[in-house]
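Comments concern the structure below.
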């Protein structure tokens with residue numbers, strides 16, 4: 001019978017700490033540290049080779065935390081070693097390891113202690129560990145992160161450009177109320193300030209795509225009467241031209257990278273999600289890169305909890321807080337769903353009606369959007385789980401069925417317990433209990449409500 005051992009790994013930038021424990025959480029060998037180099041990986045192979053020679057028939061479960069990519073080299077190396085040793089490899093959620101470490105009341109944090117915490121988590125919570133979960137979309141996920149970085153840079157440059165234009169050529173800003181059109185950016189590359197534009201010829205300006213001769217004359221006339229304070233500032237002019245050119249280059253790069261990603265991520269699930277009005281190509285790809293496979297989630301509640309969209313409610317003693325979104329999961333999915341819901345409110349009758357219904361009942365608009373995000377994720381789960389395109393009629397029937405079941409359950413509970421408070425079934429409220437003023441008020445209100453119901 002094989003004996004299980006647990007190799008905990010704490011990954012840092014450029015190196016990692018290792019510790020080996022047995023099933024009773026006893027340290028088999030003291031922790032050691034290896035660099036993330038060819039020699040370091042070779043020493044790890046030699047260590048495993050010696051360990052298996054000393055412990056024939058042993059099975060090693062190795063795990064490391066997700067650290068934003070620093071763990072990938074070690075992870076893939078261990079996956080390769082599975083062909084030579086009786087070895088299993090897993091990637092863990094740092095939140096679970098940290099919570100388990102706090103439950104053990106560990107006060108100090110070092111690389112050695114962190115490596116041991118990883119191994120102890122595998123021993124204490126084997127049901128939470130998934131070994132060798134190969135991520136085939138990891139490359140595309142990196143590309144998605146690169147695209148998000150480019151979009152963020154573009155937004156920063158656009159904000160900086162607008163502040164500069166206010167002093168160099170404010171007459172251009174009325175054309176930028178819905179963003180900076182491409183013809184405006186090309187115009188600024190050639191004529192960055194009102195002074196440059198006022199000296200231009202209408203026929204030359206009209207050569208810019210989407211700029212008619214009438215608009216060119218209008219732009220030049222506005223530049224001649226401009227109130228710009230930096231119209232003759234050469235430094236501001238070259239800065240505006242450089243920023244406008246950078247934005248144009250970023251737009252081209254974003255378009256080309258998006259096209260590559262769409263071509264590489266040609267999954268049937270993406271086409272399925274696009275049948276939901278409000279989900280675009282980019283949104284569908286982004287959602288699938290985060291969900292990966294719907295089989296990972298046994299229920300829609302687990303999918304919602306994984307991305308932090310589930311509602312939470314806290315009641316402890318006299319204190320209580322209202323329902324709110326937990327926001328403990330991956331924020332990228334919430335960002336995508338937020339934009340999806342904004343589009344769906346405009347073009348999807350199902351989400352639009354739900355949103356306006358909640359707002360009419362007094363719900364805060366942002367809270368209503370959060371509710372629609374949760375609703376959209378549940379619809380997405382059903383589409384992917386059943387491999388069916390979006391159909392509002394299916395959702396309507398499911399809602400009616402759920403309401404009927406909920407009503408029957410509520411009626412059954414009322415018949416079963418009558419007017420009895422289930423939490424107080426062993427003892428009625430004792431008026432001599434040393435409770436707070438707030439708790440006294442709650443008990444009095446409950447007793448009054450029950451006396452009214454009995455009457």
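Numbering (the working numbering), first residue to last: 1 to 455.
Note that CB positions come from ideal geometry on N, CA and C, so glycine has one too.
For the beta strand (DSSP E) holding residue i, just list the boundary residues, first then last.
i          : result
residue 10 : 3 to 12
residue 15 : 15 to 22
residue 64 : 58 to 65
residue 78 : No beta strand (DSSP E) contains residue 78, which is instead part of the alpha helix (DSSP H) from 72 to 81.
residue 31 : 27 to 35
Going by DSSP, what residue range makes up the alpha helix (DSSP H) through residue i?
i           : result
residue 270 : 268 to 273
residue 92  : Where residue 92 is concerned, there is no enclosing alpha helix (DSSP H), although the beta strand (DSSP E) it sits in stretches over 87 to 92.
residue 299 : Looking at the DSSP string, residue 299 is not in any alpha helix (DSSP H), and its letter there is neither H nor E.
residue 53  : 38 to 54
residue 118 : 111 to 124
residue 288 : 281 to 291
Between the alpha carbons of residue i and residue j, how many angstroms are there, rounded?
i           : j           : result
residue 329 : residue 228 : 47 Å
residue 240 : residue 142 : 31 Å
residue 290 : residue 88  : 24 Å
residue 107 : residue 74  : 27 Å
residue 334 : residue 376 : 11 Å
residue 148 : residue 164 : 25 Å
residue 372 : residue 388 : 20 Å
residue 48  : residue 185 : 59 Å
residue 381 : residue 258 : 25 Å
residue 212 : residue 201 : 13 Å
residue 352 : residue 346 : 7 Å
residue 98  : residue 32  : 21 Å
residue 402 : residue 104 : 41 Å
residue 77  : residue 11  : 13 Å
residue 221 : residue 342 : 39 Å
residue 51  : residue 40  : 16 Å
residue 129 : residue 93  : 9 Å
residue 35  : residue 15  : 4 Å
residue 44  : residue 22  : 18 Å
residue 357 : residue 379 : 18 Å
residue 102 : residue 30  : 22 Å
residue 305 : residue 313 : 14 Å
residue 189 : residue 337 : 36 Å
residue 426 : residue 68  : 51 Å
residue 435 : residue 324 : 28 Å
residue 217 : residue 205 : 9 Å
residue 72  : residue 79  : 10 Å
residue 366 : residue 112 : 44 Å
residue 364 : residue 340 : 19 Å
Just mark residue i as buried or exposed, buried being the case when its beta carbon has 16 or more other beta carbons within 10 Å.
i           : result
residue 151 : exposed
residue 446 : exposed
residue 197 : buried
residue 116 : buried
residue 18  : buried
residue 110 : exposed
residue 310 : buried
residue 195 : buried
residue 230 : buried
residue 223 : buried
residue 95  : exposed
residue 278 : buried
residue 449 : exposed
residue 234 : exposed
Among the options, which one has its Cα closest to the Cα of residue i?
i           : options            : result
residue 166 : 193, 394, 25       : 193
residue 66  : 13, 155, 439, 345  : 13
residue 56  : 331, 3, 297        : 3
residue 210 : 175, 221, 225, 232 : 175
residue 131 : 97, 60, 109        : 60
residue 384 : 307, 299, 250, 79  : 299
residue 265 : 285, 275, 255      : 285
residue 219 : 245, 244, 191, 29  : 191
residue 139 : 292, 302, 439      : 292
residue 283 : 302, 295, 173, 261 : 261
residue 243 : 156, 208, 368      : 156
residue 168 : 225, 119, 331, 232 : 232
residue 368 : 361, 360, 355, 374 : 355
residue 91  : 27, 58, 406, 7     : 7
residue 5   : 58, 54, 255, 234   : 58
residue 82  : 154, 62, 69, 398   : 62
residue 161 : 112, 238, 38       : 238
residue 327 : 308, 437, 171      : 308
residue 280 : 203, 348, 154      : 348
Report yes if the C-beta of residue i is less than 6 Å from at least one heavy atom of the ligand NAD; otherwise report no.
i           : result
residue 268 : The ligand NAD is absent from the structure shown, which contains no ligands of any kind.
_Contained alpha helix (DSSP H) runs [length at least 4] in the segment 186 to 239, N- to C-terminal order_ = 194 to 198, 202 to 205, 213 to 224
*Enumerated in chain order, which unbroken segments of the alpha helix (DSSP H) with a length of 4 residues or greater are wholly contained in the segment 307 to 381?*
331 to 347, 349 to 360
_Whole alpha helix (DSSP H) elements within the segment 128 to 185, 4-residue minimum_ = 138 to 168
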